[in-house]
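Just so you know, the protein sequences line up as chains A and B, in that order.
For reference, each letter of the first sequence is one residue, going 2 to 214 in the numbering used here.
For reference, each letter of the second sequence is one residue, going 2 to 214 in the numbering used here.
The C-beta atom is built at its ideal place from N, Cα and C for all residues, glycine as well.
Number of protein chains: 2
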Amino acid sequence: MPLNTSEKTVGRLSLYRRLLQELSTASVSYVYSHQLATKAGVTAAKLRRDIMAIGYTGSPSKGYDVVKLAESIAHFLEDPEGQPAVIIGVGNLGRAIMSYFGGRRPKLQLVAAFDSDEKKVNRVIHNIRCFSADSLEEYIVQNSIKVAVITVPVTQAQNVADILVRSGVKGIMNFAPIHLRVPSDVFIEDIDLAISLEKVAYFARQNKQKKEA
Amino acid sequence: MPLNTSEKTVGRLSLYRRLLQELSTASVSYVYSHQLATKAGVTAAKLRRDIMAIGYTGSPSKGYDVVKLAESIAHFLEDPEGQPAVIIGVGNLGRAIMSYFGGRRPKLQLVAAFDSDEKKVNRVIHNIRCFSADSLEEYIVQNSIKVAVITVPVTQAQNVADILVRSGVKGIMNFAPIHLRVPSDVFIEDIDLAISLEKVAYFARQNKQKKEA
DNA sequence: TAAACATTGTTAAAATATTCACAGCAGTAT
DNA sequence: ATACTGCTGTGAATATTTTAACAATGTTTA
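Structural data, given as structure tokens:
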């Protein structure tokens, strides 16, 4: 079944789904690959190939059924049971992420935050309760958490990752500028803001364009 | 000269430089490709190829001179004159980014923030002064700003991007979940937190690993 | 009903990116 | 000196990702 479900394809599917939800809200029933591709900033061929990966089939001359395709992608990407996630590190960035995700997706929610600063413990920030870092492992095990976000200082990141892995976490969104050592069955998505900004600065100087946005 | 300066290579060079600076601080003089590669989480061959792109040459049996390689990468990535950058949107995420970059790199600094909320204007947050959104265009032109960060709500993002492009900005780090339409000589780095988290959740479920971290 | 049309799904080709693998070299040991 | 070692730089091979191109197809029009 998964002929071609690369990381890039998965990311784009998530994007397509968001665009489809917007179309659905705007009461659009059908959309052509080139229309959706334009909104997403990709080529129509690439989009069709991505959609191949989930086995959904559109109709020639009508295109894709907006609601059905959105459902197909959701079915592919999401756990119908929902996937609770936690965040570790309630600093500036951590709070911004909490605000960003606070009560957002029904299937993918931040359910708890952790920090070693006792002054933050038991505060509720953007609807997410903050717990003591000491209770991290217990919380993860008890609630079968598989997804975590790391926004602690770089010096603590590997230590936190070790605890997460030990407790059963299988996917980590990591904002700390360090390569985390984890077993190969744990997925890491590194978001390195300093590197991203340096890239922008470099290409701004070169006046080069990306091959495709 | 630039045989192979892809976006990926540029990003990794930035990473190598940071690691080299750490080594330099720790008084390490030389490093082998496989050592640096391990720290970076890439293969030694890939690292050597990346370094080829900037024309630096190490020594067999001694490896790379830590300080010289760091300087070579800096020379390649950075404008020696410095590159001031601005941020538009002083919400939760914007403030976190300001905190993250506030007075960080000497060559790549956030020098001003902009927001349409008059209550924020003239406040100084993490050492960065906040200006009225009305003065954005004038500021960019007067200070020859080429790099900008967008952290405004999605509804405002394209509008802000249009102003930036009109004023001469050539690189944008975009946190708004929308594909910005800009001329092809303007570089966009999209950071889509929702997509990133969905990817993590997906691969956490699949228990799949990235091909290489 | 049949012809015309624009779209999808997909195969094949091209472009990119990574890895392999090794010649050649600078140190080190004998 | 000479042989040995383990590294770098890099051509060639491989793997991955994207693009091109088109047969098949459902819809509309005449």
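Residue i: contacting residues in chain A (beta-carbon distance under 7 Å)
i: B/Gly42; result: His180
i: B/Ile196; result: Gly12, Ser15 and Leu16
i: B/Val148; result: Val201, Ala202 and Ala205
Residue i, DSSP secondary structure in three states
i: B/Met2; result: Legend: pLDDT at B/Met2 = 43, less than 50; position of this residue unreliable, value from coordinates given subsequently. DSSP places B/Met2 in coil when its eight states are reduced to three.
i: B/Asn175; result: strand
i: B/Ala146; result: The amino acid occupying residue 146 of chain B in the given sequence is Ile; Ala does not appear at that position. Reduced to three states, the DSSP call for B/Ile146 is coil.
i: B/Gly12; result: helix
i: B/Val170; result: coil
i: A/Tyr33; result: coil
i: B/Asp186; result: coil
i: B/Ser7; result: coil
i: A/Ile88; result: strand
i: A/Leu109; result: strand
i: B/Ile52; result: helix
i: A/Tyr65; result: strand
i: B/Ile164; result: helix
i: A/Ala97; result: helix
CB contact check: residue i to chain B, cutoff 8 Å
i: A/Thr188; result: Looking at the sequence itself, residue 188 of chain A is Phe, so the reference to Thr does not match. Closer than 8 Å: yes.
i: A/Lys69; result: no
i: A/Ser51; result: Rather than Ser, the amino acid found at residue 51 of chain A in this sequence is Asp. Judged by the 8 Å Cβ criterion, A/Asp51 is not in contact with chain B.
i: A/Ser25; result: no
i: A/Ser168; result: no
i: A/Arg124; result: no
i: A/Leu109; result: yes
CB of residue i within 8 Å of CB of residue j, strictly
i: A/Gly95; j: A/Thr44; result: no
i: A/Ile164; j: A/Leu181; result: no
i: A/Ala97; j: B/Ala134; result: no
i: B/Leu194; j: A/Tyr101; result: yes
i: A/Lys121; j: A/Val91; result: yes
i: A/Arg206; j: B/Asp80; result: yes
i: A/Ala158; j: A/Ile179; result: yes
i: B/Asn144; j: B/Cys131; result: no
i: B/Ala86; j: B/Val183; result: no
Beta carbon proximity, residue i to chain A, threshold 8 Å
i: B/Arg206; result: yes
i: B/Ile98; result: yes
i: B/Gly1; result: Nothing about residue 1 of chain B can be read from this structure; chain B reaches only from 2 to 214.
i: B/Gln84; result: yes
i: B/Arg130; result: no
Close-in-space but distant-in-sequence residues of the same chain around residue i (CB under 6 Å, 5 per side omitted)
i: A/Gly83; result: Lys108
i: A/Met174; result: Val150 and Glu190
i: A/Ile55; result: Ser73 and Phe77
i: A/Phe188; result: Gly172
i: A/Tyr203; result: none
Chain-ordered chain B contacts of residue i [CB-CB under 7 Å]
i: A/Val11; result: Lys200 and Tyr203
Spatial neighbours of residue i in its chain, beta-carbon cut-off 8 Å, leaving aside the 5 residues before and after
i: B/Lys69; result: Tyr57
i: B/Leu78; result: Val11, Leu14, Ser15 and Arg18
i: B/Ile129; result: Ile88, Met99, Gly103, Leu111, Val112, Ala113 and Ala114
i: A/Lys63; result: Tyr31
i: A/Ser168; result: Leu137, Glu138, Ile141, Val142 and Ile146
Where residue i meets chain A, residues with beta-carbon distance less than 9 Å
i: B/Ile192; result: Ile192, Leu194 and Ser197
i: B/Leu94; result: Leu94, Ala97, Ile98, Ser100 and Tyr101
Interface residues of chain A facing residue i [CB-CB closer than 8 Å]
i: B/Phe115; result: By Cβ distance, chain A contributes nothing, its closest Cβ being about 17 Å from B/Phe115, past 8 Å.
i: B/Asp80; result: Ala202 and Arg206
Chain-ordered neighbours of residue i on chain B, where CB pairs are closer than 8 Å
i: A/Tyr65; result: By Cβ distance, chain B contributes nothing, its closest Cβ being about 18 Å from A/Tyr65, past 8 Å.
Interface partners of residue i on chain B, CB under 9 Å
i: A/Phe102; result: Leu194, Ala195 and Leu198
Close-in-space but distant-in-sequence residues of the same chain around residue i (CB under 7 Å, 5 per side omitted)
i: B/Ala71; result: Arg18, Leu21, Gln22 and Ser25
i: B/Glu8; result: none
i: B/His35; result: Ala45
Heavy atom of the ligand FAD within 7 Å of residue i beta-carbon
i: A/Met53; result: Among the components modelled here there is no ligand, and therefore nothing to report on the ligand FAD.
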